[in-house]
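See structure below.
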Amino acid sequence: MQYKHKQPSMSSDVIIGMIDTGIWPESPSFNDDGIGEIPSRWKGACMEGYDFKKSNCNRKLIGARYYDSIQRTYNNNKTHVAKPDDSPRDFDGHGTHTTSIAAGAKVANVSYHDLAGGTARGGSPSSRVAIYKACTLDGCSGSTILKAIDDAIKDGVDIISISIGMSSLFQSDYLNDPIAIGSFHAQQMDIMVVCSGGNDGPDLYTIVNSAPWIFTVAASNIDRDFQSTVLLGNGKTFQGSAISFSNFNQSRNYPLAFGEDVAAKFTPISEARNCYPGSLDTQKVAGKIVVCTYNDLNIPRQIKKLVVEDARAKGLILVSEDETVVPFDSGTFPFAEVGNLSGLQIIKYINGTKKPTATILPARDVPRYRPAPTVAYFSSRGPGQYTGNILKPDIMAPGVAILAAMIPEKEAGSVPVGNKPSGYAIKSGTSMACPHVTGAAAFIKSFHRGWSTSMIKSALMTTGTLYCFSGRGLNMLLIVQIFPFMLLLFNI
14 MQYKHKQPSM SSDVIIGMID TGIWPESPSF NDDGIGEIPS RWKGACMEGY DFKKSNCNRK
74 LIGARYYDSI QRTYNNNKTH VAKPDDSPRD FDGHGTHTTS IAAGAKVANV SYHDLAGGTA
134 RGGSPSSRVA IYKACTLDGC SGSTILKAID DAIKDGVDII SISIGMSSLF QSDYLNDPIA
194 IGSFHAQQMD IMVVCSGGND GPDLYTIVNS APWIFTVAAS NIDRDFQSTV LLGNGKTFQG
254 SAISFSNFNQ SRNYPLAFGE DVAAKFTPIS EARNCYPGSL DTQKVAGKIV VCTYNDLNIP
314 RQIKKLVVED ARAKGLILVS EDETVVPFDS GTFPFAEVGN LSGLQIIKYI NGTKKPTATI
374 LPARDVPRYR PAPTVAYFSS RGPGQYTGNI LKPDIMAPGV AILAAMIPEK EAGSVPVGNK
434 PSGYAIKSGT SMACPHVTGA AAFIKSFHRG WSTSMIKSAL MTTGTLYCFS GRGLNMLLIV
494 QIFPFMLLLF NI
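Sequential numbering from 14 applies to the sequence shown in my numbering.
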């Protein structure tokens, strides 16, 4: 495709409807520099609400709706005390992140506290966006999502992006799935609906949004990682996946302990090893770096971090059974997640040393990470529960450690000492993969206004190519030998 002479005005006629948690309109990713007047065909609205005025919309952000039972009360009664949910404004960050991935304007010199520095821009940076806040901090309701899809159709969007996955209970019957129903109506109007495939992998039949008329997206890793160095008292070092802004350095080590060795009284060893809530003895943990295992996915990393932090630990080393972990953002709390092989050596050092010590250095960028791209372990796999004869997901896109716009940081401990709050963040999930495809579809739409949704979908699926290592085509035999569970890759 020849696109080097493309003008911004071409893609600015494409309107993307984002159904998510809202938007933070002040982000520079949503400035309207260089974008012309709003197309006359646009029939949408910019609704006012809590901390959101019509002036927050512009030639880039051309529409904003929210859905709440007291929406009419707010609009008709100015004395009503509004709440954050009564607004298109994003107080979660998810919607801001996904919208900037799909169509964020070009913004130079951005990073997440010096990680992933560079120029940020969306897949179709000149496209316009319309926001439909169907989800809040309390979650999403099917009826609200369906209403948002109906509004997007009536407003005149060209593409709808939904980084939401309904419960698997909805996946066995499309007649009970609001996203399947709404997207079917959109398809009838030749409006493409791009959806995330879910984060419940790697088991089979975990895919969501698998209706044949939905463009379902899986997540892959990218050729960049973020790693912290674990330095043991004996001089050995191990690289652990992390987004951590530790203030530790090599000049000082801290006592190191395995979770089961600092267990609280009457606590099963297996729970202390996994750092369950209430499983650690605060007096034994205080001032130490704690090693925990991560073989019980019911206790997420955020909970484990809070457990050891509340016990006054100095840091956390997590041992994961999965060697291809996704970087976890621990803020300023020292953290690193190592694979099983490294974890066994660290535990062996603890058991064989009278006074084991360690430190965890701040995270750094690791470029040219290999192998990439591969299917993210969390990415849900097909086939679908209801139509198992149709291969799903349809396509794979970057969904691991993606830098994009975010609501301002406010939580204590999230901003490194000496740094200003960042308007960007690094997130992972098929929610991040979905808007990559949305942006690509909008880009094609800007060149071929007359193409149907099926033509655009076909163009993307039939031209998508896997590249790995030195840039040559991915060797199927090699990747299966290295990662046999990645054989499901060829189901995409």
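Where is the CB? At the ideal position from N, CA and C, for every residue including glycine.
List the residues that DSSP assigns as beta-bridge partners of M409.
A231
DSSP-derived helix/strand/coil call for P448
helix
Please report the Cβ distance between A414 and A446, rounded to the nearest whole angstrom; I am assuming they are in contact, meaning their Cβ atoms lie under 8 Å.
That pair is no contact at about 12 Å.
For S174, count neighbouring C-beta atoms within 10 Å of its own C-beta (all shown protein chains included) and say buried if the count is 16 or more, exposed if not.
buried
Beta-carbon proximity list for A417, same chain, < 6 Å, skipping 5 on both sides
H110, S113 and I114
CB I192 to CB N212, shorter than 8 Å?
no
In the DSSP output, which residue or residues are listed as bridge partners for V351?
V332
Whole beta strand (DSSP E) runs in the region 158-190 with 3 or more residues, listed along the chain?
172-175
Answer yes or no: does any C-beta atom of chain B fall closer than 8 Å to that of F348?
In the structure shown, chain B does not exist; there is a single protein chain.
Among I48, Q201 and A224, which residue has its Cα nearest to the Cα of V142?
I48
Under the rule that 16 or more other beta-carbon atoms within 10 Å means buried, what is S176, buried or exposed?
buried
According to DSSP, is R237 helix, strand or coil?
strand
Assuming K458 contacts V120 under a Cβ cut-off of 8 Å, what Cβ separation, rounded to an integer in Å, is found between them?
Not a contact, Cβ separation roughly 23 Å.
If we ignore side chains and look at the alpha-carbon of each, how far apart do G62 and C70 end up?
13 Å
Report the three-state DSSP secondary structure of I28 (helix, strand or coil).
strand
Can you list, in chain order, the residues of its chain whose CB lies under 6 Å from that of D323, leaving out five sequence neighbours each side?
none
Could you say which of Y125, K146 and L128 lies nearest to H107 if we only look at CA atoms?
K146
For S42, which of helix, strand or coil comes out of DSSP?
helix
Tell whether a beta-carbon distance below 8 Å holds between G412 and A232.
yes
Quick check on the burial criterion: 16 or more other C-beta atoms within 10 angstroms. Buried or exposed for F346?
buried
I need the straight-line Cα distance from F482 to K67, nearest angstrom please.
Note that F482 scores 48 on pLDDT, short of 50, meaning its location in the model is unreliable; the coordinates nonetheless yield the value given after this. Their Cα atoms are separated by approximately 48 Å.
According to the neighbour-count rule (16 or more other Cβ atoms, all chains shown, within 10 Å of its Cβ), is T475 buried or exposed?
exposed
Buried or exposed for L217, going by 16 or more other Cβ atoms inside 10 Å?
exposed
Since V120 sits in a beta bridge, which residues does DSSP pair it with?
A133
Endpoints, alpha helix (DSSP H) assigned at S283
I282 to R286
Neighbour-count burial assignment, E50, 16 or more Cβ in a 10 Å radius
exposed
Take every Cβ of the region 276-283, pair it with every Cβ of the region 355-372, and state whether three or more of those distances are shorter than 8 Å.
no
Could you check which residue in A385, N234, N311 and F460 has the C-alpha nearest to that of S441?
N234
For D274, which residues does DSSP report across the bridge?
None, per the DSSP bridge assignment.
Measure from the alpha carbon of I72 to the alpha carbon of each residue in E350, S241 and W55, then state which is nearest.
The sequence shown places Arg at residue 72, not Ile. Residue W55 is the option with its Cα nearest to R72.
Considering only their Cβ atoms, is the gap separating L293 from Q371 smaller than 8 Å?
According to the sequence displayed, residue 371 carries Ala and not Gln. No, the Cβ-Cβ distance between A371 and L293 is not below 8 Å.
Report all residues from its chain with a CB closer than 8 Å to the CB of Q263; omit the five preceding and five following residues, and keep chain order.
L244, T372 and L374
Is the CB-CB distance between T229 and G210 below 8 Å?
yes
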